[in-house]
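Student: Pasting a structure here, questions to come.
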Amino acid sequence: MNPIHIYRTILSAAGEQAPVLKRCLRDSVIAASLQGASFALLVPICLALGAGNNRAAVLWLLALTALLILSSIFRWRAQDYDYHGNCARAGDTMRRHLGEHLRRIPLQILYRQRSGELNALLAGTIDETYNHTLIVSNMLIAAVFTPLATALITLIWDWRLGLILLISFPLIVPIQHGTQPLMARAKARLARANASLNAELLEYSQGLPVLKAANSAGTRLPRLQQAIGAVETIQRDALLAEALPNALLGSAVELLMLLILLAGMVWLTGGSLDAWLLAAPMVACIRFAEPLGQILSMSSIYSMVQQGYARLQELLAVAPLERVGEAAAPTRHDITFENVHYHYDANPEPVLRGINLHIPERALTALVGHSGCGKTTLIRLIMRYADPQQGRVLIGGSDIRALTQQELMRQISVVFQDVYLFDDTIGNNIRLGKADATDAEIEAAARAARCHDFIMAMPQGYQTRVGDIGGKLSGGERQRITIARAILQNRPVLILDEATAFADAENEALLMRALAALMQDKTVLMIAHRLATIRHAAQILVFDHGQLVEQGDHASLIAQNGRYARLWQAGEAARHWRIGSAEQ
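Under the working numbering, the sequence shown has 472 at position 448, and the numbering climbs by one with no breaks.
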């Protein structure tokens with residue numbers, strides 16, 4: 025454990041609060057040194073008492089008391105980082121910094137993180153890292169500087185006893201250095217296991233209604249129990265890893281006391297040491313040994329803090345998507361793909377292969393194809409989920425990589441198939457589309473999205489809370505809320521990711537009317553499984569295994585009698601299918 029590395033790590037974690045933390049650490053060093061010096065003053069007190077010089081003993085006792093009072097004052101000042109809220113502010117700054125960073129990094133990186141692991145990082149890890157910073161630092165400082173000051177000042181009265189106290193440090197160094205890597209690895213494994221457990225707990229709790237409905241609540245339980253068992257095993261291993269070094273350190277401290285006693289008895293017998301001078305170090309050694317014995321336990325806690333900070337830095341080290349040149353906001357909103365090739369990092373198999381296409385402005389373009397053919401990846405590239413390995417994507421003739429992420433997303437509204445609403449009011453969920461929207465604008469958007477009536481039927485209208493992930497609303501109601509949000513945004517490019525895929529007939533009719541209001545005068549891309557909803561699209565793009573295989577309007581594609589025609593025929597057959605209609 026490198027003291028300089030510790031110092032730099034905790035100052036780096038403190039961020040803007042580093043100057044306050046520096047001053048608190050300095051005060052902590054002074055407090056620990058004064059305390060160690062006060063212990064060493066037991067030597068002249070005992071010598072004065074042995075010589076019958078009570079006046080000198082009282083003076084030394086007053087000096088000891090003064091040192092303890094000063095030590096307490098500096099120790100109190102050293103807590104300012106916690107007591108004055110600097111620690112909380114540093115943690116808050118890190119959360120804000122991480123939140124801002126998450127906005128800029130590629131979504132494909134975030135998608136690798138399970139939501140429970142990310143939640144554990146943003147909540148628990150930051151708390152662990154920042155709440156323990158000053159506590160661990162102060163205890164490590166006390167463990168080093170208190171005994172060091174005691175030993176150095178003891179040298180003034182008897183260099184031999186002082187030297188024996190000083191040799192305790194070299195005894196501890198190999199123990200600490202030999203066991204630190206083992207404890208650090210154990211803490212790292214424990215941190216990963218806890219993150220995995222948090223993810224399993226979150227997934228299990230969120231999926232419990234579905235699991236119960238399928239009578240499968242027990243099927244996921246073994247995974248959860250396995251994660252719990254892994255944490256228990258690693259915790260046990262970590263405790264075992266600490267047991268031997270703690271025992272060795274305790275033995276070293278006891279050996280030190282025995283060494284002082286034996287050496288003192290030899291010197292006392294030889295007449296070179298006063299009995300009162302031997303008594304003082306023995307008393308001081310008891311106080312000397314207490315902070316010394318905390319070094320390993322504090323090192324273990326520091327390893328936890330260090331691992332947490334390393335995980336935060338790992339996320340912060342993820343580079344945002346590179347901006348290639350600079351471009352102003354586009355004045356037109358047609359979309360072009362030029363020889364785009366893309367594969368996900370985890371799989372070298374291309375998802376999109378040599379895509380060349382043009383999506384006209386202010387028209388509906390539909391994307392069709394079987395699951396996994398590349399439709400969703402295509403629209404993700406428009407939103408810069410990631411950049412293609414080859415080729416480029418343009419909006420209004422401008423490479424989207426030349427736009428800032430904020431400017432790009434000011435051009436695009438998205439209505440996803442999987443709707444996510446925040447546990448807030450209906451009004452605030454719609455207002456996410458435009459932070460400064462008035463209540464009148466929100467109501468107008470809700471009316472256009474055909475959701476005003478069901479909102480007003482609720483007890484608190486627009487102030488009704490929707491519950492976790494919008495759980496108090498039906499699927500169709502949640503979908504129309506997101507359409508109202510997109511209407512409020514009123515952005516020139518609209519992406520509809522299978523927005524009506526799971527709607528019943530009544531909800532589909534309402535959704536289509538809401539979408540009709542939303543799509544006016546916009547460049548619209550719609551991923552559709554129900555081909556009847558896109559037959560009037562200006563352009564239909566048919567994908568297969570990452571390639572654009574057909575392109576045209578409904579009539580021309582039917583006339584080609586290719587893949588789209590077969591999909592249409594299959595859809596029509598399914599639409600007219602009835603139970604019992606199949607041949608027996």
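Where a beta carbon is used, it is the ideal one built from N, C-alpha and C, also for glycine.
Just so you know, these numbers come straight off a predicted model, no measurement behind them.
#1: Work out the CA separation of residue 132 and residue 494 for me, nearest whole Å.
#2: Is the CB-CB distance between residue 430 and residue 516 below 8 Å?
#3: Grab me the residues of residue 48's own chain with a C-beta within less than 6 Å of its C-beta, minus the 5 sequence neighbours each way, in chain order.
#4: Leaving out five residues before and five after residue 423 in sequence, what residues of the same chain have Cβ atoms less than 8 Å from its Cβ?
#5: Report the residue from 413, 179, 474 whose alpha carbon sits nearest the alpha carbon of residue 346.
#6: With a CB to CB cut of under 7 Å and the five nearest residues on each side skipped, what residues in its chain are close to residue 558?
#7: Out of 482, 486, 501, which one is the CA nearest neighbour of residue 450?
#8: Using only alpha-carbon positions, find the residue among 285, 150, 124, 125 that is nearest to residue 114.
#9: Let's test the definition: count the other Cβ atoms within 10 Å of the Cβ of residue 238 and tell me whether it reaches 16, buried, or not, exposed.
#10: Taking Cβ positions, are residue 505 and residue 454 nearer each other than 8 Å?
#11: Please report the residue range of the alpha helix (DSSP H) in which residue 430 lies.
#12: Does the Cβ of residue 69 have 16 or more other Cβ atoms within 10 Å, making it buried, or fewer, making it exposed?
#13: So residue 457 and residue 509 are supposed to be a Cβ contact under 8 Å. How far apart are they, rounded?
#14: Count Cβ pairs between the segment 373-380 and the segment 354-365 that sit closer than 8 Å; are there 3 or more?
#15: Give me the residue from 93, 256, 344 with the minimum Cα distance to residue 122.
#16: In this structure, how does DSSP classify residue 545 when only helix, strand and coil are distinguished?
#17: Report the CB separation of residue 176 from residue 186 in whole angstroms; it is logged as a contact under 8 Å.
#18: Taking only three categories from DSSP, how would you classify residue 234?
#19: Counting C-beta neighbours from all protein chains within 10 Å, is the total for residue 474 16 or more, i.e. buried, or is it exposed?
#20: Give me the Cα-Cα distance between residue 482 and residue 447, rounded to the nearest whole angstrom.
#21: List the whole-angstrom C-beta distance separating residue 548 from residue 518, where the pair is believed to meet the contact cut-off of C-beta under 8 Å.
#22: In angstroms, rounded to a whole number, what distance separates the CA positions of residue 556 and residue 252?
#23: Determine the DSSP secondary structure at residue 407, reduced to helix, strand or coil.
#24: Whole angstroms are fine: how far does the CA of residue 250 sit from the CA of residue 240?
#25: Considering only residues of the segment 565-594, which uninterrupted beta strand (DSSP E) runs meet the minimum length of 3 residues and lie entirely inside it, listed in chain order?
Tutor: By the coordinates alone:
#1: 25 Å
#2: no
#3: 102, 104, 105
#4: 348, 349, 351, 416, 417
#5: 413
#6: 390, 550, 552, 564
#7: Ranking the options by Cα distance to residue 450, first place goes to 486.
#8: 150
#9: Note that residue 238 scores 43 on pLDDT, short of 50, meaning its location in the model is unreliable; the coordinates nonetheless yield the value given after this. Exposed.
#10: yes
#11: 429-433
#12: buried
#13: 4 Å
#14: Yes, since at least three Cβ pairs between the segment 373-380 and the segment 354-365 fall closer than 8 Å, the two stretches touch.
#15: Cα-wise, what sits closest to residue 122 is 344.
#16: DSSP, reduced to helix, strand and coil, places residue 545 outside both helices and strands of the structure shown, so it counts as coil.
#17: 7 Å
#18: Note that residue 234 has pLDDT 45, beneath the 50 cutoff, so the model's placement of it is unreliable and the number below is only indicative. The answer is helix: DSSP assigns residue 234 an H, G or I state.
#19: buried
#20: 16 Å
#21: Confirmed, Cβ separation roughly 5 Å.
#22: Note on geometry: alpha-carbon atoms of residue 556 and residue 252 lie some 49 Å from one another.
#23: Three-state DSSP puts residue 407 in coil, outside helix and strand.
#24: The predicted model places residue 240 with a pLDDT of 47, which falls under 50 and marks its position as unreliable; any figure quoted below should be read in that light. Answer to the nearest angstrom: the Cα atoms are 17 Å apart.
#25: 571-576
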